[in-house]
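Taking full-length UniProt numbering, the leading residue of the sequence shown gets 1, the next gets one more, and so forth.
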Amino acid sequence: MIFCSISWPNCIPPQQKKMFGEYCLYLDGKPVGLVCDDLLFLKPTKGGRALLSDIVEASPYPKARPHLQIDPDAWEDSDWLCELIVATAKGLPIPKPKKAKQPPTA
Numbered sequence: 001m002i003f004c005s006i007s008w009p010n011c012i013p014p015q016q017k018k019m020f021g022e023y024c025l026y027l028d029g030k031p032v033g034l035v036c037d038d039l040l041f042l043k044p045t046k047g048g049r050a051l052l053s054d055i056v057e058a059s060p061y062p063k064a065r066p067h068l069q070i071d072p073d074a075w076e077d078s079d080w081l082c083e084l085i086v087a088t089a090k091g092l093p094i095p096k097p098k099k100a101k102q103p104p105t106a
């Protein structure tokens with residue numbers, strides 16, 4: 001995955017978890033975006049939009065809500081990309097805790 005090769009000298013990199021053959025990015029326990037087909041999609045937030053000069057919205061996969069598609073050429077600026085991901089995370093609510101799985105009843 002191309003996104004993995006980015007160096008993050010000035011910030012904590014987002015966690016990357018493989019999902020459905022693609023990757024979900026998490027920061028502070030919040031899902032902030034997806035990497036699908038080597039394209040970066042971030043959840044749309046006011047903070048994220050404020051840092052983008054050209055806003056491109058696209059769906060990362062069929063029937064998905066539109067996300068902010070980040071141009072791969074912009075990935076080279078790791079400081080800006082870090083700022084964008086942090087701003088996105090700050091604009092998202094804290095995820096609800098998952099319920100414990102109930103044992104199957106017979």
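Every residue, glycine too, gets a C-beta built ideally from N, C-alpha and C.
Within 8 Å (strictly less), CB to CB, does residue i reach chain B?
i, result
"residue 78", "Looking at the structure shown, chain B is missing, and only one protein chain is on hand."
By the 10 Å Cβ neighbour count, where 16 or more other Cβ atoms means buried, how is residue i classified, buried or exposed?
i, result
"residue 89", "buried"
"residue 102", "exposed"
What residues in its chain sit with their C-beta under 8 Å from that of residue i, if we drop five residues either side in the sequence?
i, result
"residue 74", "80, 81"
How big is the Cα-Cα spacing for residue i and residue j?
i, j, result
"residue 105", "residue 98", "20 Å"
"residue 20", "residue 36", "10 Å"
"residue 18", "residue 96", "21 Å"
Using a Cβ-Cβ cut-off of 7 Å (strictly less than) and excluding sequence neighbours within five positions of residue i, which residues of its own chain qualify?
i, result
"residue 43", "32, 33, 67, 88, 92"
Compare the beta carbon distance of residue i and residue j with 8 Å and say whether it is the shorter of the two.
i, j, result
"residue 84", "residue 39", "no"
"residue 25", "residue 86", "no"
"residue 69", "residue 41", "yes"
So does residue i have its beta carbon nearer than 7 Å to some heavy atom of the ligand GTP?
i, result
"residue 67", "The ligand GTP is not part of the structure shown, which contains no ligands of any sort."
Under three-state DSSP, which class holds residue i?
i, result
"residue 17", "strand"
"residue 50", "helix"
"residue 11", "coil"
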